[in-house]
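Report on the structure given below.
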Amino acid sequence: MRFFIQLSYNGTNYHGWQIQPNATSVQETLTKALGVVLNDKNIAIMGAGRTDTGVHASQMFAHFDYENEIDSKTIVHKLNSFLPKDIAVSNIILVDENAHARFDAKQRTYEYKINLSKNVFLDELSWYYNKKLNVEAMNDAASLLMKHNDFQCFSKVHTDVNTFNCKITKAFWKEEDDQLTFTISADRFLRNMVRSIVGTLVYVGLGKISKADFQIIIESKDRKKAGFSVPACGLYLTEIKYDYIELL
598 MRFFIQLSYN
608 GTNYHGWQIQ
618 PNATSVQETL
628 TKALGVVLND
638 KNIAIMGAGR
648 TDTGVHASQM
658 FAHFDYENEI
668 DSKTIVHKLN
678 SFLPKDIAVS
688 NIILVDENAH
698 ARFDAKQRTY
708 EYKINLSKNV
718 FLDELSWYYN
728 KKLNVEAMND
738 AASLLMKHND
748 FQCFSKVHTD
758 VNTFNCKITK
768 AFWKEEDDQL
778 TFTISADRFL
788 RNMVRSIVGT
798 LVYVGLGKIS
808 KADFQIIIES
818 KDRKKAGFSV
828 PACGLYLTEI
838 KYDYIELL
């Protein structure tokens with residue numbers, strides 16, 4: 598039987614989601630805990646996507662196969678007892694045997710948080726940046742993202758992908774009190790894409806580049822022409838949508 602697992606994590610202490618040699622990952626930590634709870638050393642978990650080192654997730658999905666029925670509430674409680682304080686499981690749900698956490702995801706949403714005043718309680722959970730930014734200009738430039746499909750200019754170089762095409766359906770900034778939040782939704786994202794988009798839009802907010810320049814950067818397909826990659830601490834995977842999961 599196939600099960601989806603819903604979780605959240607603070608990525609500060611992890612080298613991203615994916616299992617890798619000589620580094621602690623969220624996937625590895627969750628797999629070990631699930632194996633202990635279910636008494637199955639062969640448990641394998643497939644995530645809905647990959648988050649980079651230091652990136653957080655307020656909503657993440659993964660799937661695993663298990664031969665027996667599961668009491669969701671009991672397993673969730675046991676898992677959270679085994680897991681470290683920076684990973685939390687909120688639900689386990691039985692799905693169709695062909696359901697796939699990664700390939701069936703229809704939309705993913707990320708948020709990037711910029712803290713405009715120094716706050717010791719948000720140091721690892723947002724990027725502190727105290728320069729004045731023109732949010733209206735940043736939103737105006739961000740609207741161009743919905744008019745394009747190829748985002749090679751915002752992708753990490755030497756990335757092994759078949760296409761740089763993504764369908765962005767939402768991209769906007771919101772300022773509230775001393776925090777700026779950038780929200781972006783798409784069917785898929787490239788490696789480092791959101792952080793490089795944010796860095797380029799920060800240049801717009803500083804007046805270093807114009808909306809027209811932002812358009813030229815997108816059309817150039819050249820990562821060197823785009824802005825810097827903002828720190829990982831402010832980036833959150835916040836929502837993943839599936840056709841067959843309405844309650845989560």
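Each residue of the sequence shown is one higher than the one before, counting from 598 in the working numbering. Each residue gets a CB set at the ideal place from its N, CA and C atoms; glycine is no exception.
Nearest candidate by alpha-carbon position, reference residue i, set the options
i: L676; options: A659, D662, T628, H653; result: T628
i: N731; options: D819, A620, L803, A645; result: L803
i: V652; options: F658, E708, D668; result: E708
i: E733; options: L798, C830, S826, K638; result: L798
i: K710; options: Y839, M790, Y841, C830; result: C830
i: M743; options: Q624, Q812, D649, N695; result: Q812
i: I689; options: V795, K729, D683, D662; result: D662
i: K764; options: E772, A823, L787, G632; result: L787
Residue i to residue j span [Cα, whole Å]
i: G646; j: Q749; result: 19 Å
i: D747; j: I815; result: 8 Å
i: D784; j: S622; result: 24 Å
i: H674; j: T780; result: 32 Å
i: E721; j: T671; result: 32 Å
i: K715; j: N610; result: 22 Å
i: Y606; j: A654; result: 5 Å
i: L691; j: M790; result: 32 Å
i: S752; j: A739; result: 16 Å
i: L844; j: T778; result: Below a pLDDT of 50, predicted positions are generally treated as unreliable, and L844, at 46, falls in that range; no measurement from the model is reported.
Nonlocal neighbours in the same chain, by C-beta distance under 6 Å from residue i, ignoring five residues either side
i: K767; result: S782
i: T817; result: Inspection of the sequence shows that residue 817 is occupied by Ser rather than by Thr. C750.
i: E694; result: R599
Opposing strand residues paired with residue i [DSSP bridges]
i: N712; result: Y725, Q776
i: G632; result: For G632, which the question treats as bridged, DSSP gives no partner whatsoever.
Own chain, CB closer than 8 Å to residue i, minus 5 neighbours either side, in chain order
i: H697; result: M643, H660
Cβ neighbours of residue i in the same chain (closer than 7 Å, five flanking residues each side left out)
i: I684; result: L604, Y606, V623, T626, L627
Point to revise | Runs of beta strand (DSSP E) lying entirely within the segment 656-687, each at least 3 residues, in chain order | key: DSSP runs (the beta strand (DSSP E)) wholly in the segment 656-687: none.
Exercise for review: Kindly provide the ranges of any beta strand (DSSP E) runs that are 3 or more residues long and lie completely inside the segment 733-763, ordered along the chain.
Suggested key: Correct list: empty.
Exercise for review: Go through the segment 770-841 residue by residue and report every complete run of the beta strand (DSSP E) that reaches 3 residues or more, in order.
Suggested key: Considered as a whole, the segment 770-841 harbours 776-783, 832-838 as its complete beta strand (DSSP E) runs of no fewer than 3 residues, in chain order.
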